[in-house]
Ligand SMILES: Nc1nc2c(ncn2[C@@H]2O[C@H](COP(=O)(O)OP(=O)(O)OP(=O)(O)O)[C@@H](O)[C@H]2O)c(=O)[nH]1
Ligand SMILES: [Mg+2]
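In my numbering, the protein residues as written are 239 to 728.
Structure representation (structure tokens):
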């Protein structure tokens with residue numbers, strides 16, 4: 239999932255980070271709203287594998303990675319998505335604190351070309367803190383499909399910031415980020431950074447003082463409604479000047495699909511059907527590679543048996559090595575590896591399409607009866623990949639109550655390690671009672687049943703914890719439904 243102990247969390251400020259920062263010519267923060275493609279750009283620039291997917295809130299802590307271009311070393315920091323610097327949740331605070339105090343040379347604010355107006359308030363806020371900002375208008379391919387045109391030169395003039403347009407999937411479009419950083423840095427060295435500091439902060443001594451003041455205002459809730467209204471109005475005005483839409487473009491297929499996928503009648507059955515198809519494909523599909531692997535390892539085993547019969551070892555050592563160690567390990571590989579190799583790409587496919595937030599929406603009613611919210615479904619789905627990632631993912635919750643409940647109950651979802659075991663057990667013991675096509679159908683149904691029991695247990699325990707320990711705390715559910723996107727190979 240791209241979460242490694244060395245590249246995330248508090249470790250962002252550890253020795254490795256400090257050493258890399260000192261060696262690098264530039265430290266660049268990648269900031270922006272959730273789900274605009276920051277991690278995809280980060281992965282493309284650094285060659286790392288941060289978790290990407292089509293739903294807001296995947297990146298929950300800072301990650302860093304290095305890349306080299308034209309003999310210059312760039313340290314990139316991938317920040318969690320945030321709509322505003324006046325943050326609500328833990329991961330938004332992480333992003334804000336890094337922008338304010340991480341001392342990056344340049345902040346690249348990634349914005350969504352299909353939803354510029356929603357993204358610009360963050361650009362304007364970051365610009366109040368630092369003038370070292372580059373705006374990266376990403377998802378230009380989607381904007382083109384939706385017949386949205388953006389005048390990047392005009393945007394740059396209005397914002398008084400460099401602006402580049404990118405399609406994160408295309409490497410050659412990402413390369414221009416390096417050139418812009420170098421160009422911007424040269425210009426920056428000729429100017430005094432704090433000349434153009436925002437209206438709240440004209441008399442600030444330096445950037446650090448400025449950021450401290452901003453943070454204090456946020457903490458003391460001194461940034462009143464007028465401040466927010468001002469920024470939102472400014473964004474709307476800029477957008478109206480730089481964006482043009484094709485008025486003929488009326489059909490919004492996403493809305494039509496959502497009417498079915500999130501409907502009360504069909505939402506949950508479709509969701510279960512999708513999971514069922516994934517499990518069925520995994521169970522049926524993994525038989526073939528399993529058999530190939532099994533035959534291959536058996537062939538090696540016969541060679542090993544012959545080899546060991548020549549060697550002067552006592553028989554118990556031969557048996558220990560061949561039937562104890564070798565056979566156990568290779569059987570586990572034959573049985574476990576194929577389901578993993580099939581399930582995860584299929585699950586990632588659903589994730590990239592943008593189904594997970596719809597799952598969360600459909601199940602919100604059930605979870606809210608248990609005192610939490612549909613967002614718990616997202617952390618549970620992350621638990622399919624890795625329970626540790628699911629627990630770390632609970633940062634997307636605003637309230638402490640939901641964070642605790644989602645963390646405690648995440649283990650009821652079978653993870654990476656347990657899931658192939660479930661398939662194997664279901665196939666052998668339940669599927670084995672039948673023959674032909676029924677075998678895989680029964681195995682699939684029993685895996686789904688076990689998962690549904692897990693979800694039910696999660697809800698039951700969530701309800702219990704909520705009633706016992708958080709009687710007076712309420713939960714809210716705000717989650718953006720992202721557009722459906724074509725999954726990419728990675
Ligand atoms: N078509 C298209 N899809 C993109 C582009 N950039 C990113 N995506 C897709 O958009 C989705 C979100 O990308 P991420 O890189 O995970 O977004 P993020 O900003 O890091 O999201 P958070 O970590 O949740 O804040 C993924 O499914 C990407 O494959 C792009 O330029 N074009
Ligand atoms: Mg991300």
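The beta carbon of each residue, even a glycine, is placed where N, CA and C say it ideally should be.
Residue i Cβ short of 7 Å to ligand 2 heavy atom set
i, result
"residue 316", "yes"
"residue 276", "yes"
"residue 284", "no"
"residue 296", "yes"
"residue 290", "yes"
Bridge partners - residue i, DSSP secondary structure assignment
i, result
"residue 311", "306"
"residue 269", "347"
"residue 401", "373"
"residue 316", "268, 301"
Residue i (DSSP reduced to helix, strand or coil)
i, result
"residue 483", "strand"
"residue 301", "strand"
"residue 431", "Residue confidence for residue 431 is low, a pLDDT of 47 falling below 50, so the modelled location carries little weight and cannot support an answer."
"residue 711", "coil"
"residue 374", "strand"
"residue 407", "coil"
"residue 564", "helix"
"residue 388", "strand"
"residue 321", "coil"
"residue 436", "Below a pLDDT of 50, predicted positions are generally treated as unreliable, and residue 436, at 41, falls in that range; no measurement from the model is reported."
"residue 676", "helix"
"residue 257", "helix"
"residue 723", "coil"
"residue 646", "helix"
"residue 700", "helix"
"residue 593", "coil"
"residue 502", "coil"
"residue 240", "Low local confidence applies: a pLDDT of 42 at residue 240 is under 50, so the model's placement there is unreliable, with the coordinate-based value given in what follows. In this structure, residue 240 counts as coil in the three-state DSSP scheme."
"residue 587", "helix"
"residue 747", "Residue 747 lies beyond the range of the chain shown here (239 to 728); nothing can be said about it."
Beta carbon proximity, residue i to chain D, threshold 8 Å
i, result
"residue 666", "No chain D appears in this structure, which consists of one protein chain only."
Cβ-heavy atom distance, residue i to ligand 1, below 7 Å
i, result
"residue 319", "yes"
"residue 377", "yes"
"residue 400", "no"
"residue 272", "yes"
"residue 380", "yes"
"residue 406", "yes"
"residue 590", "yes"
"residue 356", "no"
"residue 414", "no"
"residue 539", "no"
"residue 311", "no"
"residue 334", "no"
"residue 596", "no"
"residue 723", "yes"
"residue 363", "no"
"residue 565", "no"
"residue 369", "no"
"residue 544", "no"
"residue 529", "no"
Whole-Å CB distance - residue i paired with residue j, under 8 Å assumed
i, j, result
"residue 374", "residue 402", "5 Å"
"residue 615", "residue 628", "About 11 Å separates the two Cβ atoms, so there is no contact after all."
"residue 329", "residue 634", "6 Å"
"residue 359", "residue 322", "6 Å"
"residue 352", "residue 381", "5 Å"
"residue 419", "residue 279", "Not a contact, Cβ separation roughly 13 Å."
"residue 587", "residue 725", "5 Å"
"residue 364", "residue 269", "6 Å"
"residue 377", "residue 274", "7 Å"
"residue 371", "residue 342", "Not confirmed; about 10 Å, so no contact."
"residue 276", "residue 313", "Rounded, the Cβ-Cβ distance is 15 Å, inconsistent with contact."
"residue 543", "residue 560", "6 Å"
**Report entry** Three-pair Cβ contact test at 8 Å for the stretch 301 to 312 versus the stretch 347 to 362
**Finding:** Counting C-beta pairs with one atom in each stretch, the stretch 301 to 312 and the stretch 347 to 362 have fewer than three that are closer than 8 Å, which means they do not touch.
Next on the checklist: Can you confirm whether the stretch 572 to 586 touches the stretch 523 to 532 when touching is taken to mean that 3 or more C-beta pairs between the two stretches lie within less than 8 Å?
Outcome noted: When C-beta atoms of the stretch 523 to 532 are compared with those of the stretch 572 to 586, three or more pairs fall below 8 Å, so the two segments count as touching.
- Item | Inter-stretch contact (C-beta, 8 Å, three-pair minimum) for the stretch 603 to 617 and the stretch 707 to 719 | The answer is yes - the stretch 707 to 719 touches the stretch 603 to 617, with three or more Cβ pairs under 8 Å.
Three-pair Cβ contact test at 8 Å for the stretch 664 to 683 versus the stretch 505 to 523: Yes, the stretch 664 to 683 touches the stretch 505 to 523.
**Asked** So, do the stretch 586 to 598 and the stretch 278 to 293 have three or more beta carbon pairs nearer to each other than 8 Å?
**Response** Inter-segment contact for the stretch 586 to 598 and the stretch 278 to 293 is present: three or more beta-carbon pairs are separated by less than 8 Å.
Item to check | Three CB pairs or more closer than 8 Å across the stretch 415 to 424 and the stretch 489 to 505 | outcome: No: fewer than three Cβ pairs fall under 8 Å.
Between the stretch 553 to 572 and the stretch 647 to 655, are three or more C-beta pairs nearer than 8 Å? In short, these stretches do not touch, since the Cβ pair count stays below three.
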